[in-house]
Every structure is written in C-alpha cells, then in structure tokens.
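Structure first, commentary second.
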Amino acid sequence: MRNKMMRKFATPLAVGAIGAMALTGCSSDSGGEDGTYKIAFQGPLSGDNVALGENMQEGVQLAIDEANAKGDLDFKLEYVAADDQGLPDKATTAAQKVIDDEGVVAVVGPAFSGPTFASSPAYAEAGLVTVSPSATNPDITKEENEYTSFLRGVANDNQQGAAWAKYLSKKLGLKKVYVIDDKTDYGKGLAKVTEKGLKDAGVSVVRKSVPQKSPDYSATAQDVVNSKADGLVYAGYYQDLSPFAKKLKEAGYKGVGISGDGSKDDKFIELAGDSSENWYLTCACTDATVEESTKAFSDAYQKKFKRPPGTYSAESYDITNMIIQEIKKLEGEVDREGLREALRKATYKGLTKEFSFQENGEFKGENVYLYQVKSGKIGYMGEVNSLIG
Amino acid sequence: MSLSEFWDYLVLGVMLGSLYAVIAIGYTLVYGVLQLINFAHSEVFMMGGYGSLIVLTLIDPGDNPSVAMGVVLVTVALLAGALFGGATAYGLEKVAYRPLRRRGASRLIFLITAIGASFFLYNLAGKLFGRDPKSLPDMYDNKNLFSVLGAEINITEMLQLSAAVVMMIGLDLLVNRTKMGKAIRAVAQDAEVAGLMGVDIDKVISRTFVIGGVLGGVAGFLFANLNQVKFDMGFLPGITAFAAAVVGGIGNVRGAMLGGLLLGITETLTVPLFGEEWRYVAGFVVLILVLMFRPTGILGERLGRAA
Numbered sequence: 001m002r003n004k005m006m007r008k009f010a011t012p013l014a015v016g017a018i019g020a021m022a023l024t025g026c027s028s029d030s031g032g033e034d035g036t037y038k039i040a041f042q043g044p045l046s047g048d049n050v051a052l053g054e055n056m057q058e059g060v061q062l063a064i065d066e067a068n069a070k071g072d073l074d075f076k077l078e079y080v081a082a083d084d085q086g087l088p089d090k091a092t093t094a095a096q097k098v099i100d101d102e103g104v105v106a107v108v109g110p111a112f113s114g115p116t117f118a119s120s121p122a123y124a125e126a127g128l129v130t131v132s133p134s135a136t137n138p139d140i141t142k143e144e145n146e147y148t149s150f151l152r153g154v155a156n157d158n159q160q161g162a163a164w165a166k167y168l169s170k171k172l173g174l175k176k177v178y179v180i181d182d183k184t185d186y187g188k189g190l191a192k193v194t195e196k197g198l199k200d201a202g203v204s205v206v207r208k209s210v211p212q213k214s215p216d217y218s219a220t221a222q223d224v225v226n227s228k229a230d231g232l233v234y235a236g237y238y239q240d241l242s243p244f245a246k247k248l249k250e251a252g253y254k255g256v257g258i259s260g261d262g263s264k265d266d267k268f269i270e271l272a273g274d275s276s277e278n279w280y281l282t283c284a285c286t287d288a289t290v291e292e293s294t295k296a297f298s299d300a301y302q303k304k305f306k307r308p309p310g311t312y313s314a315e316s317y318d319i320t321n322m323i324i325q326e327i328k329k330l331e332g333e334v335d336r337e338g339l340r341e342a343l344r345k346a347t348y349k350g351l352t353k354e355f356s357f358q359e360n361g362e363f364k365g366e367n368v369y370l371y372q373v374k375s376g377k378i379g380y381m382g383e384v385n386s387l388i389g
Numbered sequence: 001m002s003l004s005e006f007w008d009y010l011v012l013g014v015m016l017g018s019l020y021a022v023i024a025i026g027y028t029l030v031y032g033v034l035q036l037i038n039f040a041h042s043e044v045f046m047m048g049g050y051g052s053l054i055v056l057t058l059i060d061p062g063d064n065p066s067v068a069m070g071v072v073l074v075t076v077a078l079l080a081g082a083l084f085g086g087a088t089a090y091g092l093e094k095v096a097y098r099p100l101r102r103r104g105a106s107r108l109i110f111l112i113t114a115i116g117a118s119f120f121l122y123n124l125a126g127k128l129f130g131r132d133p134k135s136l137p138d139m140y141d142n143k144n145l146f147s148v149l150g151a152e153i154n155i156t157e158m159l160q161l162s163a164a165v166v167m168m169i170g171l172d173l174l175v176n177r178t179k180m181g182k183a184i185r186a187v188a189q190d191a192e193v194a195g196l197m198g199v200d201i202d203k204v205i206s207r208t209f210v211i212g213g214v215l216g217g218v219a220g221f222l223f224a225n226l227n228q229v230k231f232d233m234g235f236l237p238g239i240t241a242f243a244a245a246v247v248g249g250i251g252n253v254r255g256a257m258l259g260g261l262l263l264g265i266t267e268t269l270t271v272p273l274f275g276e277e278w279r280y281v282a283g284f285v286v287l288i289l290v291l292m293f294r295p296t297g298i299l300g301e302r303l304g305r306a307a
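Sequence order for the protein chains is S and U.
Residues 1 to 389 in the UniProt record's numbering are what the first sequence lists, from first letter to last.
Residues 1 to 307 in the UniProt record's numbering are what the second sequence lists, from first letter to last.
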C-alpha cells in the first residue's frame, strides 16, 4: 500500500517514503470516545511467527468480548491489534500506532522480547502500560533500561533455569549433571542460573558450551556419556537439540534430559524421532486444555475460535481480565498513567496463576510448567513447584 | 582422557574427517582445472542433502523398514544425493562460470561469481524447501555393528566411512588410471597446450565439475544422515572442507583427503579436551601452522597439477 501511494504522488526518493509513513501514522488517531476504552495487543500477527501471535490475540479478544457481553460494565471495551511481526525493527512503528490512538489505555504485549526492547522506550515516554504474557528475557526489567511502563506477566528465563535445578536435584535426586548452553544469550543465561542452582543443592556440574549449528554432535554426546553424568541440561533450541538427542541415544546415554521453551515444540519430536522420548521440557506457559482451572476458558475458546487455545492464550486472557478489573476499580477516572500505577500495585488471581509485580515490573511468581515427551507427544505434567511438593 | 576414550573420539574424528575429505576433493578438483575456489561447492553439498531428503520423503519408508528395504533406501538416497549434487555442479559451471571463461574474465570476477552463486543457491533452497531444518526419515535401526579397541562402530558410521573410502579410491583410480583422468590432469597442467593437443577443454572442465559435484552430493547425503538437512547446512562444512583442501595442498586430490582427515580428527579431539566451542579454533590453528611451515600445503609440491 505504501508503494502504491508513493507511485501516485510520484515523489522521488525518500521524501515520498517519509510522507507516506507520516500519513499512516496519523490516520489511526481517533481520539477517546466517552465511555469506551481500548485495549491493544502487540505481537506477531503476520510473518513467520504469526501462529504464536494469534494464540495470544484470541485470548485478549475473548476476554474483551466476554466483559462486554456480561453487561455489568458502565463503559465499553474495544480491541486494537498492533502487528510487529515479532521483529524489533517493526516494533517501533507498531507501538507508535498504538500510542497515537488516544483511546488505548493499556497494551497486552509485546509478545516477544526483541520487540519489547525496541518499543518499550516509546511506551515509557507515553506512560502507556504494557503487560507482556510472554516476553521472558531477564534483561528487560534491568533498572538502567528505564522501561517504566513495562510489566511482566510471566516467569522469566532465569526462573526457568532455577526450576530445572530444583526439579533435577530435589525431585529426581541426581548426583551429577552435564549442563550445556548453545552460546546464545538465552542459552547462556539459562545455563548460568541452572548451574548455580544445582551447585547450591550439592549436585556436581559439568559445564560446557556447544555453539549452535555444530556439524557433528557425536563428540559431545560421547563426552556426556564418558562424564558418567546422570542428568543433562540443554539450554538452547530444538533445531540443535534434535540432532544432539539422536547422537546421545546412539552413544548410549541413559540419563535424564531436560530443556526449555526453546525446545518445547512439536518440531523437536518430528526431527529427533524416537530420540526425543522421555525428554523433559519446561515452559512458563501452562497447557490450558489440560489444567482443571482453565477448563471453562478452554471450552469457550474452542467455541469461539473453532480450535483449542494455544501457547499463552490463557495467560493473555488473564492479563486482559486483570486490566479490565483495574479499569473498573478506577471508576471513570481512567487515564494512561493512573492505570499504569494501579496495575503495578494490583494483584489478580487469574485462571492460570496469580499476577502481581515487583517494583521494577518483574513478575512476582515463579510459575514454570513441566512437560515430558511420551510416545511421540509433549505431555503436560504440571507446575514445577507443585510437582516437587 | 583415558586410552579407550581416546579411541572413541579418534573413531568419530575419522568419520567426520572422511566426510570433510570428500567435500574437499570437490574444491581441489575444480581448483586444479580452473584455478578457481568454487565457493558455491558448499551449495552443491547442500543440494545433495535435499536430493536424498526429497527422494526418501517420496518413498516414505514408514516406521520400521526391513533390512532389505534399508539397503535399498540407503542406495537410492545416496544416488539421489549424487544426482542432485552432480546436476547442481553441472548447472553451476554451465550458467555461472562458462560464460565468464568465454569472455576471459579475471580471476577476481570468477571468485565473486562463485560467492554470488553460493548466496543465490542457498537462499533459493531456503525459499523452495523452507528454512526449517529437516531430518531424513529413518532408513534403518542404527545398531552398533562391532567395536574397534573398545570404540563401538554403528551403521551410520560404517556407512559414512565406507562410502567415503570407496569414493576416494574410485576417484584416485579415475584421475590416475583412465583417459578422462589423463585429460583432467592435462588441462590442469596447461589448459592451452592440452587444447592444442586435441583435448576438449570445455568437456573436461564440465566433467570435472560433475565429478566434484557427485562427491559433494553424496557427502551432503551422508551429512544429512549424521545431522540434518537445512538450507544453510553447507556453509560451515564447506568452509572447513575448503580449509582441508588448502591444508593438504590445493589442487592435490590426495592432499585433500589427508587434510580432511587431519581437520576432522583435530576438531573431534578438541571437544573433550577444550570443549565444542573451540572446534573451529583448533581446526584453523592447524591450517595456519601447516601453512607457516609449508605454504603450499602438506602435499602441495605438485601444485597446479590435479592429482
């Protein structure tokens, strides 16, 4: 569309492009109508990761529709979509669009960590609160970032690593664990926390790094077997875990294997085949189709969208309801900054977990959920802390 | 590292090294006849991997293929890899390099073209086949066959080693004992004079590409069987194999084999000693050390003559 406009104006070079951008930026400015509050969702609604974005968007929509239909509100709610394609360079534009729409009082998202880094400064400046159901990079809440409008509604990556350490040492009682990261920021952060947690629990640790895309995982697999470790932690993604898991099986590794949300994907099973069997996987996301507390949500979701809820659908639903609860409490005195401060102090008991935030916007709980591959399926086991008991 | 552990890693190193050797031959052969570093060879390798994947997916072997079926599958996949690799290399020479040769383009232009062709091919593959990694379907139950000094050898390893050895011996015979090999060597020594003596240079160059491509394609299949298939799978093994060709003395086929084995073993032994993250560091330190003392590579005194 931007191309078409440029051609129409026939303005050469960049002037045309800037003009077109300014036009699209202003056009969405509708102003706040009396008694209507808009809740936006920022996440990938097109591009490679569209499936993940849609899961969350539909959770948000369901919450808004239900609240409107209930009829006990003295205001109306409207949904606004902001597509960032999951890419940092698209995120600033998406955020600006939301900020320029004066009716928007809160944002669910951004869905991914990269876009969160890119768009949070603008949200901070606008005083518009964003509550992310899924951005798990621990660095987002660092003080020096000054992302003053960011609240995290999910356990971060470090908490996932801590959960691994706890489960392996307390529940499974392992003596020696081989910890591998894939040299990405995500993997290194996870592995570091896990290593510390295991050592504190008195488990001996072999710590190694295997950069992504190793041509041959046989040697590392052999090293795991030779180390006589009874547990293996892989902090990385399924693309690399898959060939590695195969080589581990061939090398005769019989111990426990655990990996995180980077590997919790059906692709892992597709690529690794039999070798994926019995691998533990964790995620800060629950499985809404299995948990008792989300049964009603799951049915309503199925009815409305003709498919079961996906990753982070239920969490997005909860966060949206939390926002609605706080709008209600403000009783007509709703502005962006007021709502932000209200949410920062709020506590909300959602279907999936309890939501409340630390001073820096970090999530207060440590809800990490455990899954295990059984007969070629990622089976849900439950919340890690409750499994340990 | 105990002795038995050392054997484990040595065996794995020889496996990986034989794979590098087969890829390295592709670089060295083309360098022999054209004095060109064919950077697109890593994509020939990648296409071999996809070739075997496509054919195996078409056959769809199901969950537990019988032993006889397994043999058929491996053979078909290997041939598919060879075919795709050979066809890609043939096309590459025809479309990218031959027009340049006709116009007498400088070597730098050849090099840039090779890099361009590499980018084009792997992005094309990403577009056509998707950018997700894929696994070859199971062709057999990967059991341990026998053990050498305590190191277990499984079917995948045996397949990889035997295919590499057969191809290397076959190539060595082809280059040194046949008329075609003689023509390749003649073009490598002095293309102009070879042409005057009645050697069809175009044909020889084209065939050289196809031979290198077939080896690269089979290596692509073997690598896919070891790891997985991905549009950019050629990059790192390609660079390593190129280094192997240089270590051995580029232009020299036996040198490429030796260089491949040396790098494969070095890389694999690095993993238990220093960790996987030092893999390429160690490999390239070997490259630099060899070049410091023998700038032409280990067997490089016969530089300029293919084999």
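Note that CB positions come from ideal geometry on N, CA and C, so glycine has one too.
At a cut-off of 4 residues, the continuous stretches assigned as alpha helix (DSSP H) that sit fully inside the region 48-102 of chain U are 67-92, 98-102. Assigned with DSSP and collapsed to three states, residue 149 of chain S falls in coil, not helix or strand. Taking the Cβ atoms as the reference, residue 148 of chain S lies roughly 16 Å from residue 135 of chain S, outside the contact range of under 8 Å. Of the residues assessed, residue 302 of chain S falls on the exposed side of the cut-off, its CB having fewer than 16 other CB atoms within 10 angstroms. No Cβ of chain U is located within less than 7 Å of the beta carbon of residue 277 of chain S. By the Cβ-count criterion, residue 131 of chain U is exposed, with fewer than 16 other Cβ atoms from all chains shown falling within 10 Å of its own Cβ. Here the region 69-80 of chain U makes no contact with the region 24-31 of chain U; the two share fewer than three CB pairs at distances below 8 Å. In this structure, the alpha-carbon of residue 236 of chain U lies about 14 Å from that of residue 119 of chain U. Considered as a whole, the region 118-192 of chain U harbours 155-177, 179-189 as its complete alpha helix (DSSP H) runs of no fewer than 4 residues, in chain order. Identification of chain U residues near residue 271 of chain S by a Cβ-Cβ cut-off of 8 Å yields 133, 134, 135, 228, ordered along the chain. Exposure of residue 64 of chain U is indicated by the presence of fewer than 16 other C-beta atoms within 10 angstroms of its C-beta. By the Cβ rule, the region 236-249 of chain S does not count as touching the region 338-355 of chain S, because fewer than three pairs are nearer than 8 Å.
Chain-order list of chain U residues neighbouring residue 143 of chain S: empty, with the shortest C-beta distance near 31 Å, by a criterion of under 8 Å.
Closest by C-alpha distance to residue 104 of chain S, out of S:81, S:155, S:39, is S:39.
Look at residue 214 of chain S: its C-beta is under 7 Å from a C-beta on chain U.
Near chain U, meaning a CB-to-CB distance below 7 Å, the residues of the region 239-263 of chain S are 239, 242, 243, 250. According to DSSP, residue 382 of chain S shares a beta bridge with S:370. For the region 3-21 of chain U, the set of residues with a beta-carbon nearer than 7 Å to any beta-carbon of chain S comprises 5, 8, 9, 12, 16, in chain order. The residues 268, in chain order, have a CB closer than 6 Å to that of residue 12 of chain U in the same chain once the five nearest residues on each side in sequence are set aside.
Neighbours of residue 138 of chain S in chain U, taken as residues at a C-beta separation under 7 Å, are lacking, since the least C-beta distance is about 22 Å. The beta carbon of residue 343 of chain S sits closer than 8 Å to the beta carbons of 106, 129, 131, 151, 322, 323, 326, 357 from its chain, once the five residues preceding and following it are set aside; these are given in chain order.
With the criterion set as a beta carbon lying under 7 Å from some beta carbon of chain U, the members of the region 180-209 of chain S are 183, 208, 209, in sequence order.
The residues 44, 46, 47, in chain order, have a CB closer than 7 Å to that of residue 85 of chain S in the same chain once the five nearest residues on each side in sequence are set aside. The C-beta distance from residue 119 of chain S to residue 95 of chain S rounds to 4 Å, short enough to meet the 8 Å contact threshold. Under DSSP, residue 306 of chain S forms no beta bridge with any residue.
With a threshold of 7 Å between beta carbons, residue 219 of chain S makes contact with chain U.
Among the residues of the region 235-267 of chain U, those with a Cβ less than 7 Å away from any Cβ of chain S are 236, 237, in the order of the chain. Here DSSP, grouped into helix, strand and coil, assigns residue 174 of chain S to coil. With a beta-carbon spacing of about 19 Å, residue 252 of chain S and residue 210 of chain S fall beyond the 8 Å limit used to define contacts.
In this structure, residue 271 of chain U sits near residue 219 of chain S, with a CB-CB distance shorter than 7 Å. Only 222, 223, 226 from the region 222-234 of chain S bring a Cβ to less than 7 Å from some Cβ of chain U. Look at residue 88 of chain S: its C-beta is not under 7 Å from any C-beta on chain U.
In this structure, the beta-carbon distance from residue 197 of chain S to residue 165 of chain S falls below 7 Å.
Residues of the region 273-304 of chain U whose Cβ lies closer than 8 Å to any Cβ of chain S, in chain order: 275, 276, 277, 279. The secondary-structure analysis by DSSP pairs residue 208 of chain S across a beta bridge with S:180. For the C-beta of residue 267 of chain S, the chain U residues within less than 9 Å are, from N- to C-terminus, 132, 133.
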